[in-house]
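For the sequence shown, the working numbering assigns the number 229 to the initial residue and increments by one for each residue that follows. For every residue, glycine included, the Cβ atom is placed at its ideal position computed from N, Cα and C. First comes the structure, then the notes that go with it.
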Amino acid sequence: MNRIALYHIETLLWIARLGTFNAAAERLNTTQPSISARVRELENHLGFSLFRREGRRMLLTVKGREFAAQCEALWAQLETVLLATEAFSTATGIVKIGCGEIVAVESLPAFLSEIKRLMPNVTLEVEIDLTIHLRHKLEAGAIDFAFLVGPIGSPALEAAPIGTVEMKWLMGRELASRLSRSVDGGEVPDLPVWCLSRPSHLYQVMAESLRQSNLKRPVINTCNHVRTLIDVVASSGGMAILPELLVRDRIARGEFVPVPEMVADPIAFFAVVRKGENEPIVLEMLKRARDLRLG
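What follows is the structure in structure tokens.
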């Protein structure tokens, strides 16, 4: 190799960020042997090793760390020059976006449409998952940008608030009617309780709400899909803690009825990137996301 090419530098930086050749290959849409070949070429040109293996991860050597830091600064400057705001229409690349289901239903389609109008040649890969999983992936560099439930509380991440969503304990109209008749008869039945799966932030909100209620150790049923929880409530399958903005019309029509004396704290949402993110495309997405308003 007579000289270093841009793809050598890009490969170095993504291995350093993600920790493995395989993850860098997936990120750069190439093969692991190709990544290995690029690293060998770069090391042969430089005359020193860039990485050392520790378990499954590839860690930068002392010289490799110094070289990567210099390249990181140069790469950020280069991308800024090549991708000025007015030039996003010609930008290319793959951006991985993570999103929780509530934002996905309420705001994600419009946000993605705006991004595609701004960056028609950028490929967007969207993953819907729980906040706890998405946060780990964002910190690890497996995704670039995410809409997460807060508080974020990670020094590795930068977050911008996009709104707060009210949570309501609700049951179906038919179940509420049956409950009313049972109360009149002097016997209050136990209501099945439903919530998002245990790793979710909503589960924690639900658990705190139950601790403050008069319910005696109810059996808690879980589901990892908000839309399914809404359908369970609609079919009088029990009561659930739900985002008010997703069922506002059903409440107005009387299809869903608030559970008496049950309250829940609202949850805040954030647009989140890694701290020190310097990819112009990702930073522009964060800028656009700041204009979103949930609730």
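- Phenylalanine 295 is positioned such that its CB atom lies closer than 9 Å to that of leucine 278.
- Under DSSP, alanine 496 takes part in a beta bridge, and its partners are Thr392.
- For proline 486, no alpha helix (DSSP H) run applies; the uninterrupted beta strand (DSSP E) run containing it begins and ends at 484-486, by DSSP.
- Residue state for methionine 347 is assigned as coil, using DSSP reduced to three classes.
- A residue is called buried once 16 or more other Cβ atoms fall within 10 Å of its Cβ, and aspartate 357 is buried on that count.
- Only exposed fits lysine 515, as fewer than 16 other CB atoms lie within 10 angstroms of its CB.
- The criterion of a C-beta distance shorter than 9 Å is satisfied by leucine 473 and leucine 522.
- For isoleucine 380, the three-state secondary structure derived from DSSP is coil.
- Looking from the CA of serine 382, the closest CA among Thr320, Val500, Arg401 and Ile263 belongs to Val500.
- For tryptophan 397, DSSP records a beta bridge to Ile469.
- If you draw a 10 Å sphere on the C-beta of histidine 273, you find fewer than 16 other C-beta atoms in it, and that means exposed.
- By the Cβ criterion, the stretch 369-376 is in contact with the stretch 323-336, since at least three pairs of Cβ atoms, one from each stretch, lie closer than 8 Å.
- Apart from the 5 residues on each side of it in sequence, threonine 359 sits with its Cβ closer than 6 Å to the Cβ of Gly328, Leu376, Val377 and His429 in its chain, given in chain order.
- Per DSSP, methionine 286 is one residue of the beta strand (DSSP E) stretching across 285-288.
- Boundaries around lysine 324 are those of the beta strand (DSSP E), 321-327, since no alpha helix (DSSP H) includes it.
- Where isoleucine 458 is concerned, the enclosing alpha helix (DSSP H) starts and stops at 454-462.
- Beta-carbon to beta-carbon, methionine 395 and alanine 492 are separated by about 4 Å, close enough to satisfy the 8 Å threshold.
- As the crow flies, the alpha-carbon of glutamate 386 is around 12 Å from that of arginine 518.
- Closest option to alanine 301, judged by alpha-carbon separation, among Glu505, Ile390 and Met513: Glu505.
- Put simply, the stretch 456-471 does not touch the stretch 341-358. Fewer than three CB pairs are less than 8 Å apart.
- DSSP places phenylalanine 249 inside the alpha helix (DSSP H), whose first and last residues are 249-255.
- The residue among Ala384, Ser405 and Leu287 with its C-alpha nearest the C-alpha of glycine 482 is Ser405.
- Partner residues in the beta bridge of valine 354, as assigned by DSSP, are Ile325.
- The three-state reading of DSSP puts phenylalanine 276 in coil, since its state is none of H, G, I, E or B.
- Ranking Ala304, Arg363 and Ser425 by CA distance to the CA of leucine 234 puts Ala304 first.
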